[in-house]
Each structure stands twice: as C-alpha cells, then as structure tokens.
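A.B. asks: These protein sequence lines map, in sequence, to chains S and F.
Following our numbering, the numbering of the first sequence begins with 309 at its first residue and continues without gaps.
Following our numbering, the numbering of the second sequence begins with -2 at its first residue and continues without gaps.
For every residue, glycine included, the Cβ atom is placed at its ideal position computed from N, Cα and C.
These figures come from a predicted structure and were not determined experimentally.
Have a look at this one.
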Amino acid sequence: MKKLILIFSICILIICNGCNELDLAPLSEASDVTWFSDENEVEMSLVDVFNNSFWNEYAPLKFYFNSDDYCRRTDLRTLTNGTVTGKSGDITSAWNSCYKCIARANFLLSNYDKSGNIAQEKLNMYAANAKFARATQYSKLIFLFGDVPYYEVPLTIEEAFSTGRTNKVEVLKKIYNDYDFAIENLPEEYGSSEYQFATKGAAFAFKARIALYMGDYAIARDAAKACVELGTYKLFPDYETLFLAKTKNSIETIFAVPYSVEKNSIWISGVCKDCITRTAGGYCSCSPSWDLFCSYLCTDGLPIDESPLFNPHEPFKNRDPRCSATIVEFGREWLGYTYTPHPDSIYVLNHNTGQMVKNMDNRANSTWASFNGLAWAKHMDETWLDQKTDNDNIIMRYADVLLMYAEAKIELGEIDGTVLDVMNQVRARAYGVDFNQTSSYPVITSTSQSELRKILRIERRMEFAQENVIRYNDIMRWRLAEKVLNLPRYGMLDVDQLREKVVNQGLWFFPETPPIDEDGIADFKPLYDAGLVRILAKRCFNAPQNYLWPIPSTEIFINDNITQNPGY
Amino acid sequence: MKKNDEILWLYKSCRKKIIVMRNALIILLFGTFQVLATESYSQTTRLNINMKGVTIKDVLSRIEDESNFYFLYNSKLINVNKKVDLSVKNEKIETVLNQIFDNNKVNFLFKDNHIIISPKETIIDQQKKITGKVVDDTGEPLPGVTVVIKGTTMGTITDFDGNYSLSEVSVIATLVFSFVGMISQEISTEGNNILNVKMKEENIGIEEVVAIGYGTMKKSDLTGSVASIQGEEIAERSPIRVSQALQGTTPGLMVTRGGSAADASASIRIRGITTIGDSNPLIIIDGTPGTLDWVNPNDIESISVLKDAASCAIYGSRAASGVILITTKKAKSGQLKMSYDYDFTIEKPTRLASYVGAVDYMKTQNELSWNDNDNIVNNEYPIYNKELIDNYTNLNAEDPYNYPNTDWQVLMLKDYALRKSHMFNLSVGTEHVQSYISLNVDDTEGLYEGKDYDRYTFRANNDIKINQYFSAEVNFNALYSINKNPQTTQFGKQAVVPGPIAAPIYSAEWPDGRIAPGKGGENPYAILMHAGNVVNKAGVFGGKGQINFTPLNNLKFSVAYSTELFYSKTKDFRKQLNYTSYEDPLNIKGLISNAETTRLDESRDDHLSTTFQILSSYKKSFDKHQIQLMGGFEEYYIISEDLGASRDQYSIKNFPYLNIGNENFQFNSGSASEYSNRSFFGRVIYDFDNKYLFQSNIRYDGSSRFHKDCRWGLFPSFSLGWVVSEESFMKNIKGLNFLKLRASWGTLGNERVGNYPYESTIGFGSTLLFQGHDVVSAQSAGLSKYTIPDISWETTESYDFGCDIVLLDNKLRFTGDYYKKKTTDMLLSLEIPNFIGLDNPQQNTGDMHTNGWELSIGWSDKKGDLRYSANVYLSDFKSIMGDLGGTEFLGSKVKFKGSEYDEWYGYKSEGIFQTQEEVDNSPKLYSNTKPGDVKYTDISGPDGVPDGKISNIYDKVLLGGSLPRYMYGGSVGMGYKNFSLNLVFQGIGKQNSLITQDMIRPLQNYWMDVPAIGIDKNWSHYNTEDQNKKARYPRFSTVSSSNNYTNSDFWLFNGAYFRLKNINLGYNIPENIVSKLKLNSIKLNANVSDLFSIDNYPKGWDPETSSNYWITKSFTMGILVKF
C-alpha cells in the first residue's frame, strides 16, 4: 500500500514539473520597455502620430455640413440647429482625436532618443514631425474650445486630474515654439522612397493658419510669406482636376491625408451615394446651398446683384469658373446623364446609351431629389459611381497660403502689390490663365482695405467650398456665423406650386436675383415673401455661446479642474 | 444495508450512481450464492477493538473505518442500537460479530470484505412462489432492489429488468422491498402470486445528493447555498441552448434572453451583479471549465448553481459571479438501454409590432417636416403633395409598382420557423466498464430566409473500474455547428429586426423578380434575399482522462487531464447587387447599399485549452465526529489565435473562395494571445452528530493576467450549519421533519480584465502615407492604452444566512436565504481624462454592494394515482455602487457613487409643452423647443438652485434602477397514471423599463417606417387642445428629437410581467401495447413555450424582445422511444 502511494506521489511530481508558465507576454504586441531601440521603431511610432484618423478634419466631406455652404433637404445637425452639447458626437470625437495624436507625439518625444544609435539629424527630423503634429492638434483645440489642457510629456492619471485648462494665449506661444522647431528641422521635401511626413512648408503654412485664426496677423504674414518663398509649392494648373481621385499629392498640396480604395481606405461610407445625382444612382441628399451658389462672382468680378452679366434664369452663365466646377451646371452631362432639376424635364439623355431615361433629379419624378435643385460637382467624377472613393483629403494647399498671406496683410493694413498678386494668382488659376493675362479674368485691383477684405472673403468661399472645415472656420473667426447660420435655408417650392408660380411664369430657376450684402451673403427673404421659394430649414446659432464649442461633458464630470465654456 | 443517514461520500458522482453501484454489488453477492468465502479477506484480517457502552452501529462503523470491511443491513430488521461492550485483540471478524450480535438471531454472509447481516429465518408453513417486477416512479425498472420475506433471512434481489422471483414463501407473509434512497415497502403476499411494486423516492430534496465543487454532498449536509436542477427539467423544455432554458428554474438566477434565435445565448447572472466588469458565472462541466451552450441539454444529468461564497470559494479567483456545475449523464452498472427521441417544433414570434401604410407614412413625413419648419401656414405638404396623398390608395391599386405600399415586415418574415431534433442515447454498463453515448442532431430555421442553425453533438462518458484500487474515467465530447445568416444591412444589423424597417412607399421587388431600388438603393429585402450570407462553422472537441486511486476505503487520489480544442471559421460573402428601374430592365440604375461590391471575408479562430487537476480526499469518522478533507491542485492554460483574410471587387458572384477575388484588393490580419492560471485549494468538512456542520474552503490562485508581485490571491470561506431538528428538544414537534439554519462567509476573486492588463504594450497597425505621388501603407506602432502595472484581484466578500425547513411528512419544503455582498478593488476601465489621449486603463478601484434574498417553497404529494407538486420562488436584489475612485459611468444608465447598478439617469419630465407661452416661460434644454415637445423640470443650477434652464449637468437625476426586481417563478406538476403535466411560469414583479425609440419613434434615419402605435397618441397641430392635453407622445420632429428622446422619466414605465414559460404534457403509451412492439416504453410529449405573458409593454413588443431578434412561442411534439 505504502509503495503504491509513493509511486503515485512520484507520478504527480513528474507531471507537476510540466507546470504552465504564468509570466506571459503579449504574443502579437510589443513591450513599451524595449521599444525605440532602433530607427525603424522610432519611425513606426512616428507613422502612428500621422495616423489618418487624427488628421481628417474630421472626416472628408463631413464637417462642411456645419457651414452655410451645405444643404440636406430639411435636416439640420446639432451644430446648426443650436442643440450642441458637451455630449455631441462631433464635439467629443474632435476632442479625442486631437488629444490622441498629442499623446502619441508626446510619447515619441519623451523616448525617441533613448536608443543612442540614431543620427542626431534624423532624431531632429522625427522630433520636428512630432512637434509639428502636436502644434497642429493644439491649434485645432484652441480655435474650437478656447482654453484647453496643455502638456508636453506623457501624463500620469494623478497629473491629469490636477490639470486644468491653460489660457489659449499661453498655448499659442507653445504652438509657435513647436512650429519654429519644426521649421528649423523639417526637410523641404522628402525623397521619393521616403514616407512623406510634414515638410518645412507645412510647418510654415499651419503656423500661418493658427496665427491668422488667432489674430496674430504679423506672424501669419511672415509664416505664409516664408512658405511661399520656399518655392516648393505651386498652384496646380487645373482647379477642377486638382480635387479628383486621380490627382494624388499634387504640387499644390502641402498637407493631405491619403486614401486608397485598393488599400481598403476610403472616404466615409455614404459620401458617394449622398452626393451622386439620383438619375446616376445616388441620393443627391447633400447639396450645395443656394447661399453658396449665389456667392460666386460673375466673370466681371462683380457679385450677381451688381453684375449685368447675371441672369437669374440662367444662373450658371457668366459665373466664376469655380461655380460650375463646384456645382453641377443644369443641362450638362453629369455622370453619364444630363442633369437638370427642372420639373418638366421628365426624361433625360443617358449619354452612354443614347436613350432617354426617366429623370430622377427633379421632384416631379422623385420626391427626394435635391430640394434646392443643386448637386455637388467638386471632388466627383465617374469613379464615384462604384460607391467608394479615395480622393486626397487636402488639409492645406498652396492657394490657402497665398490667401492667408493676403488676408494677414489686408488686416494689417499693409496693402501692396504682393497682396493683389497673390489674390490674382488664385483667381487666374481658376480661369485657367496666368495671372499676368489680366484681360482673361477679372483682375483684383482695389486697394481699399474694406473692399479687399470683402473680396478676399468671397474669394475664399469660392475657392474652398466643400473643403473640410475651411468655410466653417472662416465664418467662426470672422464672426459671421451668428448671421449666416441664423438665416433660413431656402429651396424650391413644391412641384405643383413651382410649376404654377415659377416655371409657368417663365421664372425658372431663380425667379429674381437675391440681393447680396457687404459680406457676400445672399438674402432670399424678398423671394420668400413673394411666395416664390420656400424655407427648407431654420438654422439656429446662439452667439456668443456657439463661437466656442462645449468642453466634452465627461471631462468636467470627472475632473474638478476643468470648467465648461459659457452658455453650455 | 448500511444505514442511509450516513454521509454518502464519493468523489464526483451523483446519487443514482452510488445507489446503482452498491446494488450491483449486491446482485453480484446474491447472484453467486456464495454463502461463505474461503481464504478471503475476512479470514485473514485481524481486528483489535476496545469499546464500552457503545451501540452495535458504532462498532460497525469503527470496523469499517479501520478495515476494508463494509456492512450491509436493514436497520428495521437488525437492532443495531443495542448497547454492547467489546474487547477483542487480534480476532477474526466472525468472532467479533458473534460477540456483539445474539448469534441465534442473525446470519452473516461474507463476500470478500462485504458482510451482509440479516435476521435468522423462522418456521415456515404453507409455501408458494411469488414473482414480480419493481419499477421506480417513472416506470423505469429498478435492478438491485432487495426483496426479503419479513422476519426471515430469505430474500433475493431484482435482476437487470427489475424482475424477481421467490419460491417457498409462506402463504401469509410480508415482503419487504428496500432500496437506497427509496422508501421501503412492506406488502402482504396474501392472495397474490404476482407482486409488482413501484418504489417511491425517499425525502426528495433533503436526501438528494448534489454536486459541489470537486465533490458531491447530501443536500441535508450543505452549509452553503446550492441550488440543484435536474437535467429533465431542462430537457423537458426542448431548448437548443442551456442558457435560455435556465430561465425560471431557481431563485437568484437572472436570465436575460437575447431573442429566441437558436444561435443566441442568454446572459446569466447569479444573485445580482457584483462587478462592473464581467459578471458571467464560471461554468464547470464535469469538473472542467467550459462553455454552457456547448453542452447538449439532453446530456445533462444535473446542474448545481453555487450561489454563496462558501460554496464558490473552492473555485476562488474565477467564482465571484457564482458557479454553475454541470454533470453530464453516465451509464449505470448493469444497464443496457437505448433510446431515440424526436422533437418537432414550430416557432412563431410572440408578438409583432405593426407599422403604418403608405398614406399615413406620407402624412407623418409631411407633418414632421412641417413641424421642423415652424408650421408655416400653407406649407403643410412640404414633401408629399396633397393630391398624391389623397389619391394614393387608387394609384396604388392601379400601379402598385410606381405607387407601392410595401409591408416590409410581412414580406421578409416567415409565418413560422421549424425546428427538428433527433436524439439518440445508448447506455451500456458492465461490471468493469460503463458507457454513456449520445448523439444529437438539431436542425433549426430562423424566422427569415437564410437563417439556419444546425448542430451535431456527441458525447461518450466512460467509467472504468480496473480493480479495487484503481478506476478511470474517459470522456469525449464533440460539437459541430453550422450557423448561417443572411447578409446584414447598415450597422451590422440583420435586414429584418424587431423595430422599424423601411418605409412602405418604396418597392422591394419588381413583378418579374428584379431588385427594386427600395429607398434609392436602401433595400433590406434585396440584402436578405440576394446579397449572400455569413456562414460560421464551429467545432469543439473535448476530452478528459482521469485516474482514481483508492488505497484505502476512505482515502482517494485522482489525477485528471482535460483538453478542449475550439475551431471556428467564418465565411462572409457579400455580393454586389444592382437595381433597375421598373420600366427599364436593361438599364442598371445603381447599387444596393451595403452590396456595392462582391467581397469575401474569411476568418479563422482557434483556441486550445488544457486543464490539469490533482485531487486527494480523505474521510474519517469516530464516535459522533466526521471529518472530510480534500486538497487539490489545478492548472489551466489557453492559447488563442485568429486570422482573417479577404478579397474585394470580385468580378463574378458565385464563387466564395479567396483565389477568385481581385488580387489588388486583398487584405489580411492576425493576432494571438494566451492565458494561464494555477491554483491550490483545500476543504475541511466537519460534522458532529449530524447536528452541527462546519465547512471551510480555501483557494490560492495565481494568474498570468497580473504582474508577478500582485499575482497571487487567497480566497477563504467558512460556513456553519445547525440541524435544529436533530436536537432532542425538537424531536417531538409534529409535522417538522427537518430544520436547518445556515450561515456562511467567504471571499471570492475576479480577474477577467483582458489578458495583459498590467503590461504596457505597443500595438501594431498601419496607416496610409504618401511616398512620392504613391499612396503606400506604412506600419505603425503605438501606445494606445494607459496601464496600471500593479493591477490585481478584485475581491467580493459575501455573507449568507439561510434556512431549510421540511414539514408535513416531507410534503412541504421551504428554503430561504438572505445575502450581502461587497465588492472591493473592483476592476474597472477607469474613466481617465480623455485629454490624456490614451484609452481608459483597467484598474482596481471602486466598490459596490449587493443585498438580496431568495425564497422557495415546494409542495409535493400523492392522492391515489394522482401525483402533484408545486414550487414557487421569489427573489430580489439591489446593487448599489460605492466609491468608484472618481469614475462615473454616464449615459442613459449610470453607475456612480450612490446610484444603483445601471440606474436610469436623466431629466424629470413634466409632460408635454402645450402652448408657445408655456414654452417661453419655462426652462428649456434647447432654445428651439416648441409646443409639443417634452417639458423637463429645472432641478438645479451652478449655484445649487434652479437657474432657469435645463442643463445636462445640473438637471439630470437618478430615475430608479433599470434591473428587474422581485423575480419570481415556479412550476406545477401533475401526474395521473400514464399522463404527466408540467407548467412553468416566470416573471418580474417590478422593473423600470424604457419605451425605446424603436417602439415609438417615427422616421428614424429619415426613412425608416412609422410604428403604428405612435401616430394617434402624439401631440399634433392637427389635434384639438383637449386631444393634445391627453397626448402620450411628443410631436413629430427631427430637430427636437434630441430634446424629446433624450433619457427622461417620460419614457419609463413599469415593465413587470408574468409569463407562462412552458406547458409540458406527457403520455406514456400503456405497457401492454409497448411490449407487443417489443419496446420498453414510448412516451409522447407535447410542449408549448412562451405561450403568453401579461404586461404593460407597448402593443407588439414582448417584454424580452431584444434589438436583434424576437421572442418566439414554440409548439413542440415529441416522441421518446426506449428500446
């Protein structure tokens, strides 16, 4: 018996020897202790700082929703109907994505040099890129939220809970410091086999942008000028092609988020369908607003209410070329079909088959066709019909730098030839001509600060329509939001009334020309009072409250040091 | 027979097995008719005993303890309470026995170390032969029943088929039938030559043996809180999933169904919620951690639910949320049984919500749009003009394709779904090997096209007895399932779900079967019917080997090794779908949303887990003391790997294989993880005179999830029981059969926080960057999660006080428990400031408290041929959050200091704004609020007083718990001759439930359908003032939706319900018919599940409907044939 127990015990001991290991390290992840051991690892961490999700502002063709350029039938969003709170998804995701990028940049900046086997020059380049990223994200934060928590090294939880909001003026100084380091250490260009991180030009341009947004016009001017003087960037010759999916990283692009259908990275789903016209198989639910349409100048450089060239019944005629590059002209071939929202155009031509097909882009045939008759053209071509697209999401381009330079100079009252030159360069490119061919486009010649300010603002609107947050940021910083986002959004009458009051009276498309005010804003109230147009949606912007976004509610709930912005 | 109030102690087994093993032994003894063994153990063993003033019973137990002798006697025939003095030295057993018994009155029968003591025969007069058959309650033959002629030693034992035959019985004699666990019966032979007997179980409930951690125990000896559910109770409901069938079986178990789909599991919570993290109970299947839904319900012998810390502590670190022990069936010795069971089920949704037709839809759409644009006069038809609406019915009749009125739900849902199950069982038991083999095939349909779940399960449990010292268990189980689902629409949802689908004004299909555009390409019907499917095939292969070594009668060692391989592959094939216009079949008009390209995503997951156990146990009894010791060691390890691969842009749609896809669009992924733990554990059970019971468990656990300095956790428990009814002063109370008081304390752990919570890890990914003008994918690496390196165990400390009472001749049983649990160092995903820029870390922070109670009352009796029983239970708990280390879980349901777990949180409503004046003079949440919107109470402001506006910081309050309260359930069983009827009901006494937007909100996402119950109870400009005052729901508005549908008590209602869970009617075909068919028995079953419920839910919504699938009522017909 005792022998048996002994044998049994020995067996158990033998089996026990095969004990499992309890010190297990992750199998498909790396440890942070040993990371940054060589240049490869530093580079991989930098790539993470440039993760696409941190750089879209905040997803292509999404954020322009909040500006007066946009119309989606009768719908409004929280930022345009006055219901935004610290829990709104747009707010929290913007906040989180900025800080996620900052955390990654700080993590890299605190560790990148610990291996000791990377050349100083390379190290500086990595650090400069991280600082560029940090500065750019903080720029977004102070513009949208005002004072925000600022830090430069990874935070512990205890530190974070004792951190409050830093005055945005202080943050701005740090941003300039980071950009200055970046300018010092970033290359003007990357080699053709290198990843294209931020360039020196990008650092200048983004520095100019935040300086301009915050009213530091001299800094904005100098930074924009320095960017121009690098000579690295040029205006892309063709305005329309610049935005198409086939144009990748053009000479005009200073900073862009790349996309690739083949690499499974596409613009947010639904964008294509929302923008494609209905006859071509889309919803056409996202349209340019009438406000935007009316803001395009005529080819004589005058607003539509002043120009003799404007005919409200042929609203696309004699307009700045960017108008039809941005908005689908009535009667043109668009995505294989003739586009027209005219209620009596029951059938339209299928240009591929030569047959007439039912026109789904008027509300006579299709209840949900564009409520204001307009459809987007910018960014789009036939490749969008596959419902996926991979256009570059251009965050900063050379035209912006030129117009920022001009704006800074105008605001500083330093109106000289360079101001007019750069504005004319941008405008001439739209006309497809050199800016010296002054007879081929409406040259800007005014030297009055107030006139130029108005011209510049309209120029920016025409140039940057549908490009991310640019229009939204512009109306916010110009304090125009309280005006334009409290104007109703207008559209066509319902089909029966439209036929009766507009079409049959020979008044299609615009029954009359709406007056344009000193900010370039069209006023449809007279038409509405005459019963010729209808209100699609009533927007609501509460000033001054909505000029700053609310701090995300969770930050305030868990941390006594974080205060909310006024009014929320 | 050995007196049956002794603890039947056997490692990991169940009551029936014990009975059968013993009786098999007796068969063996009598069958061989060896009266005296020759040179056997009894001849060679010598005993030394010195006892004074003790009963014979004490002497016998002493001999059993000190030797391998084992006594069998019937205490009604042998007086073992007689006091004797005994002093022997180095004597044979025979001598000893002769000394303590009066030699003239008893006979001894020796077989090896087994000794049967029986009375000596008396004088016999006239004699005859008696034969008969002994069966149990259910009509099953009982082998091994002792049949003795009263007052003699003459007797026999029933054979495998329960038959016996006794010759030379005096004409007037009494036969005594006895069997362990059954009530002995005495029947006169007068006038009968054939005596068939049905044995009845003794003291059901109290004498029951239940599985506890690493062992079994008589229920009457339990000091912890353990509920036991018999396998038949589960199988009777013909479920596909065990988790779903546990609903309403025992108090303290909260089962939340995720719909009735065959592939949907139910969530189980034992005694409330003790942690914010993972609150799933630990599932142990035949001693090994497993997955509940991988067990076939028909293979279950019994389920034990370990509820309190005292019972769970033996599982230490993983048992904080309770433990469910499943014991699968085993064959019995001397058994040869085969059965086949076929079930056929029809399922229908319990309720279906209805949606409005085209005309009402358009009116609603117009009204909503009109409301959102200031209700401008003459603009009442902003979207659909009046003429169209007025004529729509006619237009639809003339031209249903251009003017559709589609009922998407009717189009997509089948009227019923079928389910078929085949079950085959084989039990073979010989003296050395006992095998239970089962094979089950389930074929279940879903309520819509393309949903199908097939499952094959196999189990073989083998017990092998090698010799007196060694025995072994070898078990295998396998499961293979094929789960098919149609493709999903947006957000990964199925095309058809409970809730609004698409609007009726869109066509799903043209008359020639072509795909219609639906709403401009949003066509859930097309997705359902044509867009391909997702097929998951999963296999589980498990095996267990165990060797038991019993060197002494009361000492046992065992070593077990089990392993489980899980393998799953999913093929997600989505096909590109085009739609065409009604008029022009040739002209492709566009792509159906979510079916824009043909794409195949394949994934493979596998994991391999191993469990290794060593157990030892020892028991000792002396005088009135009994001690049992158990100690063990266990190790668990699991490694998981997954792999994904896909290709996109297939040019052809009929080949769901990767090699056919476009090589330019291929993607893949993979990852792996592993986890291990190691434990030492032990148990002491002490019992004094069956009156005072004590038990202590301890477990020492180490987990790979924590840093080695924080890795080990110690989890002790203690429990006491006092069987008051055994006290002499209680003995005479009439009607009281049993009364026990219990108290327990213990701590348990939880460590389920992901596999590497303490390690800061660099996660890999990729992002796109430019390289020149090319777009390339660049490898990225980053720290994404904040980590706290000294993270360790979460601990739950719990107390339980309970009592068990049996009254009125064991007819009435009562069990009550009160418990209190406190969780500390809770593992939470700590809400850190988002500006840290890292995901929230897991941390030991916070505590919560749960109090609750449980009651259950049962009655069972028999009147003539009518057997009946009823059980009712009621339980309640409340979980209150303690300090969560500053963390708050906000949203519509919150968890923060002082709140209940998942308590509703939102505004207090004051009805609906009726006039603009009222709006102007009231605090508002949003500036664009209008009459017809929900009005809220201004509770406070920044200065602690109402500030004239509603803000999400100052005006939200706790609105009451969201969890069910007063959960009740019960069953009523009746049997009459060959019929049996069982009813099971279940319900909730009180619950704050929410009217969800799916139930009531029209036009979600602008184009979803309009629930029919909403449209005439809403506030509207078209209503009279009076109607508006009575309006139940706010006006139609998208702009005000964030005001109106935000969380508030406006949408809460009492979701209490009573549900008739199950009705089961069984009929045993009479034996004379069955025997002609050469069968053993045939049973017909009819079963109805979820027939109806009584509740306040909005029309068309079942109280348990989930967002994915309906609750169905099912009608099952079954036939069970035993060969």
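(1) For Asn572/S and Gln911/F, what's the separation of their Cα atoms in angstroms?
(2) Using the Cα positions of Ser1039/F and Ile450/S, report the straight-line distance between them to the nearest angstrom.
(3) What does Val772/F touch in chain S if you count any residue whose Cβ is under 9 Å from its own?
(4) Along the chain, where does the alpha helix (DSSP H) that runs through Tyr522/F open and close?
(5) For Gly152/F, tell me which candidate among Lys572/F, Ser164/F, Leu525/F has the shortest Cα-Cα distance.
(6) Excluding sequence positions up to five away, which residues of its chain have a Cβ less than 6 Å from the Cβ of Ser185/F?
(7) Any C-beta of chain F within less than 8 Å: which residues of the segment 327 to 345 of chain S qualify?
(8) So Pro874/S and Tyr739/S are in contact, right, with Cβ under 8 Å, and what is the actual spacing, rounded?
(9) Take Glu230/F and list the residues in its own chain whose beta-carbon comes closer than 7 Å to its own, dropping the five residues that flank it on each side.
(10) Distance check for Cys631/S and Arg761/S, CA to CA, integer angstroms please.
(11) Determine whether the beta carbon atoms of Thr607/S and Asn626/S lie at a separation below 9 Å.
(12) Taking C-beta pairs closer than 8 Å, name the residues in chain S that Ser757/F reaches, listed in chain order.
(13) Check the Cβ of Val665/S against every Cβ in chain F and list those closer than 9 Å, keeping chain order.
(14) Taking the CB atoms as reference points, tell me whether Val636/S and Ala685/S lie closer together than 9 Å.
(15) Which residues mark the beginning and the end of the alpha helix (DSSP H) in which Ser725/F is found?
(16) At a Cβ threshold of 9 Å, is Gln994/F touching chain S?
(17) What does Glu349/S reach in chain F if we use C-beta pairs closer than 8 Å?
(18) With distances taken from CA atoms, which of Pro999/F, Thr92/F, Leu824/F, Lys1096/F is nearest Thr272/F?
(19) Beta strand (DSSP E) containing Trp719/F: first to last residue?
(20) Who are the neighbours of Asn850/S on chain F, taking C-beta pairs under 9 Å?
(21) Of the residues Glu638/F, Thr607/F, Phe619/F, Val531/F, which one's Cα is nearest the Cα of Asp598/F?
(22) For chain S, find out if any of its Cβ atoms is closer than 9 Å to the Cβ of Asn20/F; answer yes or no.
(23) Would you say Lys541/F faces chain S, with C-beta separation under 9 Å as the test?
(24) Phe544/S and Leu354/S: beta carbons closer than 9 Å?
(25) According to DSSP, simplified to helix, strand and coil, what is Ser345/S?
(26) Suppose contacts are defined by Cβ-Cβ distances below 9 Å. Is Ser257/F in contact with Ser1111/F by that definition?
(27) Restricting to runs no shorter than 3 residues, where is the beta strand (DSSP E) found entirely within the segment 848 to 928 of chain F?
(28) Provide the residue span of the alpha helix (DSSP H) that contains Asn391/F, from first to last.
(29) When Cβ atoms are compared, which residues of the segment 441 to 458 of chain S fall closer than 8 Å to chain F?
(30) If you measure from the beta carbon of Phe373/S to each beta carbon in chain F, is any gap under 9 Å?
(31) Given a cut-off of 9 Å on the beta-carbon distance, is the pair Ala528/F and Trp405/F in contact?
(32) Name the one or two DSSP bridge partners that Gln988/F has.
(33) Can you pull the DSSP bridge partners for His622/F?
(34) Name the two residues that bound the continuous alpha helix (DSSP H) containing Cys535/S.
(35) Return helix, strand or coil for Leu516/S, following the three-state DSSP convention.
(36) Give the secondary structure of Val239/F by DSSP, where H, G and I count as helix, E and B as strand, and everything else as coil.
C.D. replies: Reading from the atomic positions:
(1) For the purposes of this step, residue 572/S is identified with residue 264 of the first sequence, where counting begins at 1. For the purposes of this step, residue 911/F is identified with residue 914 of the second sequence, where counting begins at 1. The alpha-carbon atoms of Asn572/S and Gln911/F are separated by roughly 52 Å.
(2) In the second sequence, residue 1039/F corresponds to position 1042, counting from 1. In the first sequence, residue 450/S corresponds to position 142, counting from 1. Rounded to the nearest angstrom, the two C-alpha atoms are 27 Å apart.
(3) Taking the second sequence and counting its residues from 1, one reaches residue 772/F at position 775. Lys556, Asn557, Pro566, Tyr567, Ser568, Glu570, Lys571, Ser573, Asp698, Asp700, listed in chain order.
(4) For the purposes of this step, residue 522/F is taken as the residue at position 525 of the second sequence. Counting along the chain, the alpha helix (DSSP H) containing Tyr522/F begins and ends at 521 to 527.
(5) One-based indexing of the second sequence puts residue 152/F at position 155. Comparing Cα-Cα distances from Gly152/F to each of Lys572/F, Ser164/F, Leu525/F, the minimum goes to Ser164/F.
(6) Along the second sequence, one-based indexing puts residue 185/F at 188. The answer, listed in chain order, is Thr171.
(7) Under the 8 Å Cβ criterion, the segment 327 to 345 of chain S contributes Cys327, Asn328, Glu329, Leu330, Asp331, Leu332, Ala333, Pro334, Leu335, Ser336, Glu337, Ala338, Ser339, Asp340, Val341, Trp343.
(8) On the first sequence, residue 874/S is found 566 positions in, with the first residue counted as 1. On the first sequence, residue 739/S is found 431 positions in, with the first residue counted as 1. About 45 Å; that fails the 8 Å criterion.
(9) One-based indexing of the second sequence puts residue 230/F at position 233. Excluding sequence neighbours, Glu230/F sits near Thr246.
(10) Counted from its first residue, the first sequence places residue 761/S at position 453. Counted from its first residue, the first sequence places residue 631/S at position 323. The alpha-carbon atoms of Arg761/S and Cys631/S are separated by roughly 21 Å.
(11) Translated into positions along the first sequence, residue 607/S becomes position 299. Translated into positions along the first sequence, residue 626/S becomes position 318. Yes, the pair counts as a contact, with Cβ atoms nearer than the cut-off.
(12) The sequence position of residue 757/F within the second sequence is 760, counting from 1. Ordered by position in chain S, the residues that pass the 8 Å Cβ test against Ser757/F are Ser339, Asp340, Val341.
(13) Sequence index remark: in the first sequence, residue 665/S carries index 357 (1-based). Within 9 Å Cβ-Cβ: Ser578, Glu580, Asp581, Asn584, Lys586.
(14) Taking the first residue of the first sequence as position 1, residue 636/S is located at position 328. Taking the first residue of the first sequence as position 1, residue 685/S is located at position 377. Taking C-beta atoms as the reference points, Val636/S and Ala685/S count as a pair closer than 9 Å.
(15) The residue given as residue 725/F occupies position 728 in the second sequence. DSSP places Ser725/F in no alpha helix (DSSP H); its state is neither H nor E.
(16) For the purposes of this step, residue 994/F is identified with residue 997 of the second sequence, where counting begins at 1. With its beta carbon at least 9 Å from every one in chain S, Gln994/F lies outside the interface.
(17) Here residue 349/S refers to the residue found at position 41 when the first sequence is read from its first residue. Near Glu349/S (Cβ distances below 8 Å), the residues of chain F are Ala778.
(18) Residue mapping note: residue 272/F aligns to position 275 of the second sequence, counting from 1. Among Pro999/F, Thr92/F, Leu824/F, Lys1096/F, the Cα nearest to that of Thr272/F is on Leu824/F.
(19) Residue numbering aside, residue 719/F sits at position 722 when the second sequence is read from its first letter. First-last of the beta strand (DSSP E) with Trp719/F: 709 to 720.
(20) One-based indexing of the first sequence puts residue 850/S at position 542. Chain F residues near Asn850/S: Ser924.
(21) In the second sequence, residue 598/F corresponds to position 601, counting from 1. Considering only Glu638/F, Thr607/F, Phe619/F, Val531/F, the residue with the shortest C-alpha distance to Asp598/F is Val531/F.
(22) Your numbering for residue 20/F matches position 23 in the second sequence. Low per-residue confidence applies at Asn20/F: pLDDT is 44, beneath 50, and the placement is therefore not dependable enough to give any value.
(23) In the second sequence, residue 541/F corresponds to position 544, counting from 1. Not an interface residue.
(24) To locate residue 544/S, count along the first sequence from 1; it is residue 236. To locate residue 354/S, count along the first sequence from 1; it is residue 46. No, Cβ-Cβ distance for Phe544/S and Leu354/S is not below 9 Å.
(25) In the first sequence, counting from the first residue as 1, residue 345/S sits at position 37. The answer is coil: DSSP assigns Ser345/S none of H, G, I, E or B.
(26) Residue 257/F sits at position 260 when you count from the first residue of the second sequence. Residue 1111/F sits at position 1114 when you count from the first residue of the second sequence. Result yes, Cβ atoms of Ser257/F and Ser1111/F sit closer than 9 Å.
(27) Listed in chain order, the complete beta strand (DSSP E) runs (minimum 3 residues) inside the segment 848 to 928 of chain F are 863 to 878, 900 to 903, 906 to 909.
(28) By one-based count along the second sequence, residue 391/F stands at place 394. Per DSSP, Asn391/F belongs to the alpha helix (DSSP H) from 383 to 395.
(29) Legend: CB atoms of the segment 441 to 458 of chain S lying less than 8 Å from CB atoms of chain F belong to residues Val456, Pro457.
(30) Locating residue 373/S in the first sequence gives position 65, counting from the first residue. With 9 Å as the cut-off, Phe373/S does not count as an interface residue toward chain F.
(31) As a first step, residue 528/F must be located in the second sequence, where it is residue number 531. As a first step, residue 405/F must be located in the second sequence, where it is residue number 408. No, they are not a contact pair.
(32) Residue 988/F sits at position 991 when you count from the first residue of the second sequence. Under DSSP, Gln988/F shares a beta bridge with no residue.
(33) Here the question's residue 622/F lines up with position 625 in the second sequence. BP columns for His622/F point to Phe619/F, Phe685/F.
(34) Numbered from 1 along the first sequence, position 227 holds the residue referred to as residue 535/S. Counting along the chain, the alpha helix (DSSP H) containing Cys535/S begins and ends at 525 to 538.
(35) Residue 516/S sits at position 208 when you count from the first residue of the first sequence. Contrary to the premise, residue 516/S reads as Ala rather than Leu in this sequence. In this structure, Ala516/S counts as helix in the three-state DSSP scheme.
(36) Position 242 of the second sequence, counted from the first residue, corresponds to residue 239/F. Correct three-state label for Val239/F: helix.
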